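Undergrad: Would you mind keeping the following structure in view while I ask a few things?
Residue numbers (this note's numbering): 44 to 217.
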């Protein structure tokens, strides 16, 4: 549609330029006056004949100029709409990036927790583990707290660096 609009504007501009060129040259307008050519009886150049043709061409010029202005305004409206759509798409893309940041932060926290729980939860005989079986519960609890703390620290860091915004703690009122 946009390329068709551009071609149409080019055609209207060409017609407008040709009409402007004809209006500037009185000899060309005199040659265009076909009624005078048909009546061979009048061999002199009549200024009124050219004025009638000039008025007719001026009306066409004004109409083509108005059409060109409307097409230009329509093209600007299309460009503005396209810019607005791109801004909306950028906004949605930013929201998806923020969501990805949250998910990645949560994944980091869970992977550290899983690593600690996996290492200390293995059934391998350790000499330092003899008589201290209750320590596994504390390691899992401390690992979970550290993972949550790390997750919240990443979120606070991202919030202070303005990497995340309205979707975290602010509610959007519409």
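For glycine and all other residues, C-beta sits at the position ideal for the given N, C-alpha and C.
Small disclaimer: the values here were computed from a predicted structure and weren't measured.
With a threshold of 16 other CB atoms inside 10 Å of the CB of residue 55, please say whether the residue is buried or exposed.
TA: Residue 55 should be labelled buried.
Undergrad: Across the region 177-187 and the region 109-128, are there enough close Cβ pairs to call them in contact, namely three or more that are closer than 8 angstroms?
TA: No: fewer than three Cβ pairs fall under 8 angstroms.
Undergrad: Is the number of C-beta pairs between the region 129-143 and the region 56-63 that are closer than 8 angstroms three or more?
TA: Touching, no.
Undergrad: So which of 149, 65 and 119 has the shortest CA-CA distance to residue 97?
TA: Per the Cα distances, 65.
Undergrad: At what residues does the alpha helix (DSSP H) containing residue 200 begin and finish?
TA: 178-203 is the extent of the alpha helix (DSSP H) around residue 200.
Undergrad: Any idea if residue 161 is buried or exposed, counting beta-carbon neighbours within 10 angstroms, 16 or more meaning buried?
TA: Label assigned to residue 161: exposed.
Undergrad: In terms of residue numbering, what span does the alpha helix (DSSP H) encompassing residue 31 cover?
TA: An answer regarding residue 31 cannot be provided, because it is not within the stretch 44 to 217 covered by the chain.
Undergrad: Applying the criterion that 16 or more other CB atoms from any shown protein chain within 10 Å of the CB defines a buried residue, is residue 192 buried or exposed?
TA: Exposed: under 16 other Cβ atoms inside 10 Å.
Undergrad: Please classify residue 178 as buried or exposed, where buried requires at least 16 other C-beta atoms within 10 Å of its C-beta.
TA: Exposed, by the Cβ-count rule.
Undergrad: Does the Cβ of residue 190 have 16 or more other Cβ atoms within 10 Å, making it buried, or fewer, making it exposed?
TA: Residue 190 is buried by the Cβ-count criterion.
Undergrad: So the candidates are 151, 140, 153 and 156; which of them puts its Cα closest to the Cα of residue 205?
TA: Looking at the Cα atoms, 140 is the closest of the given residues.
Undergrad: Are the region 194-203 and the region 147-155 touching, with three or more C-beta to C-beta distances below 8 angstroms?
TA: At 8 angstroms Cβ cutoff, the stretches touch.
Undergrad: Just the Cα atoms here: how many angstroms apart are residue 118 and residue 99?
TA: Whole-angstrom Cα-Cα distance: 29 angstroms.
Undergrad: What separation, rounded to the nearest whole angstrom, lies between the Cα atoms of residue 218 and residue 46?
TA: In the structure as shown, the chain begins at 44 and stops at 217. Residue 218 is therefore absent and cannot be evaluated.
Undergrad: Which value, in whole angstroms, describes the spacing of the CA atoms of residue 218 and residue 110?
TA: Since the first and last residues shown for the chain are 44 and 217, residue 218 lies out of range.
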